[in-house]
Amino acid sequence: MRYVKTLNKWANRNSYYPLDILRVALGVFLFIKGLFFMGNTQILVDLIQPIQNLAGSMIAIHYVAPAHLIGGLLIIFGLLTRWSIVAQLPIIISAIVINFVGEMDTINLMLSSIVLLLCFFFLFYGSGKHSADYYFKMQQ
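All the letters of the sequence shown, read from the start, carry residue numbers 27 to 166 under our numbering.
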């Protein structure tokens with residue numbers, strides 16, 4: 027816990043607008059992906075096709091779109107950013123694994139890898155100084 031507080035203090039001292047813009051862009055990307063999966067559920071079913079025999083594929087279909095929508099909005103505003111990213115990690119790791127199990131799509135693999143790296147960065151960095159988390163913390 028002390029290590030997380032130390033990282034949080036460092037993040038608040040070294041908060042820059044480009045990192046906040048990157049966080050907002052990540053949230054917008056995840057939100058748009060959630061809208062895309064909500065409107066095109068057949069594409070999501072086709073993506074999950076390689077692991078359809080495993081238990082929980084129907085749960086995964088009903089988890090991906092809402093998690094992207096809600097998590098994307100929370101990341102955009104910087105509210106509960108770390109928790110939102112933790113909810114995104116299983117989806118993004120599964121997107122990378124599906125590329126190796128099913129048909130390889132290099133664009134989706136690169137996109138998933140970049141989003142995974144950004145998620146790991148913001149998991150440790152936090153939401154930054156220009157976020158709802160920081161605002162609510164300063165109101166206490």
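Quick reminder that beta carbons are idealized off the backbone N, C-alpha and C, glycines included.
Predicted model, so just to flag it, every value in this text is computed and none were measured.
Cβ-Cβ separation, residue j to residue i (assumed contact under 8 Å), whole Å
{"i": "R75", "j": "G97", "result": "It is worth fixing the name first, because residue 75 is Gln in this sequence and not Arg. Actually they are not in contact, since the Cβ atoms of Q75 and G97 sit about 24 Å apart, beyond 8 Å."}
{"i": "D72", "j": "T107", "result": "With 8 Å as the limit, D72 and T107 do not qualify as a contact, their Cβ atoms being about 31 Å apart."}
{"i": "S110", "j": "I101", "result": "5 Å"}
Same chain, Cβ closer than 6 Å to residue i, neighbours up to 5 away in sequence not counted
{"i": "F103", "result": "A158"}
{"i": "A121", "result": "S138"}
{"i": "L142", "result": "I118"}
{"i": "Q68", "result": "none"}
Residue i and residue j closer than 8 Å at C-beta
{"i": "H88", "j": "L56", "result": "no"}
{"i": "G53", "j": "L99", "result": "yes"}
{"i": "F62", "j": "V90", "result": "no"}
{"i": "G152", "j": "L45", "result": "no"}
{"i": "F148", "j": "R49", "result": "yes"}
{"i": "L70", "j": "F150", "result": "no"}
Reduced DSSP secondary structure (H/G/I, E/B, other) of residue i
{"i": "H94", "result": "helix"}
{"i": "M130", "result": "coil"}
{"i": "Q166", "result": "coil"}
{"i": "Y42", "result": "coil"}
{"i": "K155", "result": "coil"}
{"i": "N34", "result": "helix"}
{"i": "L70", "result": "helix"}
{"i": "L100", "result": "helix"}
{"i": "L144", "result": "helix"}
Backbone CA spacing between residue i and residue j [nearest angstrom]
{"i": "G128", "j": "N134", "result": "12 Å"}
{"i": "Q165", "j": "V30", "result": "21 Å"}
beta-carbon residue i near the ligand ADP non-hydrogen atom, thresh 7 Å
{"i": "I58", "result": "Within the structure as shown, the ligand ADP is missing, as the structure has no ligands at all."}
Residues of its chain near residue i, where Cβ-Cβ distance is below 8 Å and the 5 sequence neighbours each way are ignored
{"i": "H156", "result": "S41, Y43, D46, G104"}
{"i": "D131", "result": "N125"}
{"i": "P92", "result": "G60"}
Own chain partners of residue i with C-beta closer than 7 Å, once the 5 adjacent residues on each side are dropped
{"i": "S126", "result": "Position check: residue 126 holds Phe in this sequence, whereas Ser was assumed. Once the five neighbours on either side are set aside, F126 has no close Cβ partner at all."}
{"i": "A86", "result": "I74"}
{"i": "A140", "result": "The sequence given here places Ile at residue 140; Ala does not occur at that position. The answer is none, since no qualifying residue turns up."}
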